[in-house]
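Under my numbering, think of the first position of the sequence shown as 13, with each following residue one higher. Even for Gly, the Cβ is constructed at its ideal location relative to N, Cα and C. Note that the structure is predicted; figures quoted are calculated from it, not measured. For reference, the structure discussed in these notes is given below.
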Amino acid sequence: METASELPLDLRWRRAVTGVLVLWTVGLVLAEVVLQVATGAAVLLAVVLLALGRLRLARDVRAYGVASVALCAWQVASPAVALLTGASDGWPRGARYGQVLDALAGPAAATLGAAGVPWLLLAGVLAGGWLLAALLGVFQNRVRWSMELPAFLKLNLGRLHENFGTEESPRYAAGGFFSHRLRFAHGAIAALGPTLAVLGGVALARRRVLAGVVVMGMLVSIYNAFARAALGAALLVSVLALLLLVQGAARRMGLALVIALVAVVSLTPAWRARMEKALGNIYGGEREHAMSVGWSLVCDFPLTGVGFGNHKPAALATQDETGITDLLATDSHNLWLTVWAETGLVGLLLTLGVHVLLAKALIRRYRQGSLAATGALLSWVGFHVLAMVHYLPFHSSVYLSFSFVWGLGLCEGSNVLRGRAVRESFVVLPKGSPGATS
């Protein structure tokens, strides 16, 4: 397997890399601010390691990184271009504009991973964190939780008080530690891919059992969050994992569990009402309304867009004509439409290039048997299923969760492959060489 070259690193550098990766993993289940701090540290550390010549990356990882840097640069410049061309009359608010750095998260994770990844430590943190989040979500689903939280966490308790049941039998929108049901549920899709890969790809029975418990916890979390698109994406990713990774009785049992979950959803009054509204929401409802306004912005400014982060003020400027609401104006409820509306054709092509290069790199490693790449590829599929009806980068916690999984999926030399048959199909590399399996 072609691998990135790993050069000797001082113990202090390795500890720094491990600390950042663990902090990032904690952020996947704890809070958006933790994710943002970890990502900023990862980008800075990756730049330092590359500048000092401590790491050499595989060619396809470098291509993905260069495309991501180009996308970030265009996002930085696009508001100024929009001002100069008259496409906008203002600068985006600071918090939204700061999300340009999110484009560098995936390459940063891949770069740090080339220095070595503490796979079992990260898996333990992720599994333990998600099980705790799932248990908290079960509690939040049935109890109107009113506990006050520190202001710096920016957790909106109002999100937990949405009742998706009836007055007689209320069911509140569970949000786990994030206290925001969509960030909670969509982030679960990012972590679901690697967990499914472990469930279907490792030989050790106790690890498969733990992975299965975590998968069920994630599915229950999504169910309790009443996130329709996330549940659909989770079921599709689960079916894909079953088809790719398992055979025989295990596959049939997994498919039966998926069918059982669909039956439970269809029999739950609150969920049945949610699903009945879903098609109306897309065809003639709020999502179609938001998409139509986004398309009008694309038609007005197809080449440059209205500037990164400027979708909301640009959409609200059409309010008299379109009747768009403040809530719906945040984005076009579709990844590609929002990217085109904000950053124009240049941003659209750069975003497409980033995801195509990422997919190619992950597919190559998946075919070679990489467990990490298998999980990242499943997450990539889930991301793009969700992206049809959500602009996921609007929530940094969601996009940074996916970026972390994608970046680690590009790390080679993890010595973890899918199953004995895959292991035996490789030419044995010299002992001690990067990527040699033990």
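What whole-angstrom Cβ distance do residue i and residue j have, given they're in contact under 8 Å?
{"i": "A43", "j": "F190", "result": "7 Å"}
{"i": "A94", "j": "S100", "result": "4 Å"}
{"i": "N168", "j": "H198", "result": "Rounded, the Cβ-Cβ distance is 16 Å, inconsistent with contact."}
{"i": "F406", "j": "D343", "result": "5 Å"}
{"i": "L360", "j": "V366", "result": "Not really, about 11 Å apart at Cβ, beyond 8 Å."}
{"i": "F151", "j": "A185", "result": "In fact, because the Cβ distance is near 13 Å, the residues do not count as touching under 8 Å."}
{"i": "F320", "j": "Q87", "result": "4 Å"}
Determine the contact status of residue i and residue j, defining contact as a CB-CB distance below 8 Å.
{"i": "A200", "j": "S233", "result": "yes"}
{"i": "V129", "j": "C311", "result": "no"}
{"i": "L116", "j": "A253", "result": "no"}
{"i": "W36", "j": "A58", "result": "no"}
{"i": "F395", "j": "L404", "result": "yes"}
{"i": "V397", "j": "L273", "result": "no"}
{"i": "V305", "j": "A329", "result": "no"}
{"i": "N322", "j": "P104", "result": "yes"}
{"i": "A127", "j": "V29", "result": "yes"}
{"i": "G39", "j": "V46", "result": "yes"}
{"i": "S308", "j": "Q48", "result": "no"}
{"i": "V227", "j": "L243", "result": "no"}
{"i": "C84", "j": "L113", "result": "yes"}
{"i": "L383", "j": "G356", "result": "no"}
{"i": "G212", "j": "L257", "result": "yes"}
{"i": "L339", "j": "A82", "result": "no"}
Between which two residues does the alpha helix (DSSP H) containing residue i stretch?
{"i": "Q111", "result": "First-last for Q111: undefined, no H or E at that position."}
{"i": "P91", "result": "71 to 97"}
{"i": "G321", "result": "Careful: G321 lies outside any alpha helix (DSSP H) and carries neither H nor E."}
{"i": "Y235", "result": "217 to 237"}
{"i": "E333", "result": "331 to 334"}
{"i": "L243", "result": "240 to 257"}
{"i": "E300", "result": "298 to 312"}
According to DSSP, simplified to helix, strand and coil, what is residue i?
{"i": "L19", "result": "At L19, the pLDDT of 49 sits below 50, so the modelled position is not reliable and the matter cannot be decided from this model."}
{"i": "S426", "result": "Caution applies to S426, whose pLDDT of 49 falls short of 50 and renders its modelled position unreliable; the value that the coordinates give is listed next. Looking at S426 - three-state DSSP - the assignment turns out to be coil, as it is neither helix nor strand."}
{"i": "S181", "result": "coil"}
{"i": "V32", "result": "helix"}
{"i": "L67", "result": "strand"}
{"i": "N153", "result": "helix"}
{"i": "S278", "result": "helix"}
{"i": "A203", "result": "helix"}
{"i": "S158", "result": "coil"}
{"i": "S408", "result": "helix"}
{"i": "S382", "result": "strand"}
Excluding five sequence neighbours on each side, which residues of the same chain lie with their C-beta closer than 8 Å to the C-beta of residue i?
{"i": "M287", "result": "R240, V277, S278"}
{"i": "R219", "result": "V210"}
{"i": "I336", "result": "H301, A302, V305, A327, L328, T330"}
Any heavy atom of the ligand FMN within a distance shorter than 7 Å of the CB on residue i?
{"i": "A203", "result": "No copy of the ligand FMN appears in this structure; indeed no ligand is present at all."}
Within the same chain, show all residues whose beta-carbon is closer than 6 Å to that of residue i, passing over the 5 residues directly before and after it, in chain order.
{"i": "A145", "result": "V41, G188, F189"}
{"i": "A388", "result": "L374, V417, W418, G421"}
{"i": "V73", "result": "A122, L422"}
{"i": "L369", "result": "A75, Y76, A79"}
Given residue i, which residues of its chain have a CB within under 7 Å of its CB, disregarding the five upstream and five downstream residues?
{"i": "L231", "result": "A246, L273"}
Contact criterion: CB-CB distance below 8 Å. Does residue i meet it with respect to chain B?
{"i": "L23", "result": "The chain labelled as chain B is not found in the depicted structure, where only one protein chain is given."}
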